[in-house]
Amino acid sequence: MKRSRNLLVLSVVAVVLGTTLGACAPAGPANGDWLAAGCYNSGVVGAPDFAFNGTPNAAGNLTVALDIATLTLSENGTCAGIPLAAPYSFTLVRATGDLAAGAICSGLGLGAGVGQIQSDYPAFPADAWVCNPPATT
0 MKRSRNLLVL SVVAVVLGTT LGACAPAGPA NGDWLAAGCY NSGVVGAPDF
50 AFNGTPNAAG NLTVALDIAT LTLSENGTCA GIPLAAPYSF TLVRATGDLA
100 AGAICSGLGL GAGVGQIQSD YPAFPADAWV CNPPATT
């Protein structure tokens, strides 16, 4: 009985550690070998980490995380904290250029333009674009 309990505890620890450690580094791509789900850091000072859910061209697929203790966004490549949902989430699309990206974003209800993300986040591919959020009134 004690051996079974120890194996159960070890299994639970392995799952928890695997889930926690897996959040720090992108996993292998599950979306046609384009971009892995995971946490992406920027080389730009003050730029937040982005957590990509692995599904391109889906509204809200790119989030930032808020550290409640310091009330700051994660900026150290860990995406640690509470992921912020809409209206504070972002949308990453895959497109061959800004016109194509703009069309995809418009189709998702995000027609305020697009921006190329690779210059600030080099781990993102050149065909990765971020939809600008709708203007607030």
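Numbering (numbering that gives the first Met the number 0), first residue to last: 0 to 136. By construction, the Cβ of each residue, glycine as well, lies at the ideal position given by its N, Cα and C atoms.
Residue i - partner residues in DSSP beta bridges
i	result
V113	C130
T62	A50
P121	In DSSP, P121 forms no bridge with anything.
L91	V129
G37	F51
L70	BP columns for L70 are empty, so no partner.
Length of the line joining the Cα atoms of residue i and residue j
i	j	result
A57	T90	7 Å
A211	G108	Residue 211 falls outside the range modelled here, since the chain spans only 0 to 136, and no answer is possible.
L65	F51	15 Å
D97	S118	14 Å
T69	G80	10 Å
S41	N75	9 Å
G110	S73	28 Å
R93	Y120	15 Å
A99	P82	28 Å
G53	V44	25 Å
T71	A46	11 Å
Local Cβ density within 10 Å of residue i, reported as buried at 16 or more and exposed below that
i	result
T95	exposed
V14	With a pLDDT of only 32 at V14, under the threshold of 50, the placement of this residue in the model should not be trusted; the figure read from the coordinates follows. Classification of V14: exposed, given that the 10 Å Cβ count is below 16.
G101	buried
I67	exposed
P55	buried
Other residues of its chain near residue i: CB distance less than 6 Å, five sequence neighbours each side excluded
i	result
F49	Y39 and L61
S88	G59 and T62
G114	V129
V103	One detail in the question is off: residue 103 reads as Ile in this sequence, not Val. Cβ neighbours of I103 beyond the five flanking positions: N56, V92 and A94.
Chain-order list of residues whose beta-carbon lies under 8 Å from that of residue i (same chain, five-residue window excluded)
i	result
R4	Because the pLDDT of R4 is 37, which lies under 50, any placement of that residue in the model is unreliable, and the question is left without a value.
A134	A111
N151	Any property of residue 151 remains undetermined from this structure, which presents the chain solely from 0 to 136.
Close-in-space but distant-in-sequence residues of the same chain around residue i (CB under 7 Å, 5 per side omitted)
i	result
A85	G59
G21	Residue placement at G21 is flagged as unreliable, the pLDDT there being 40, under the threshold of 50; the coordinate-derived value follows with that caveat. For G21, where only same-chain residues beyond five positions count, there are no Cβ hits under 7 Å.
Would you check if the region 119 to 126 and the region 32 to 48 touch, i.e. whether three or more CB-CB distances between them fall below 8 Å?
yes
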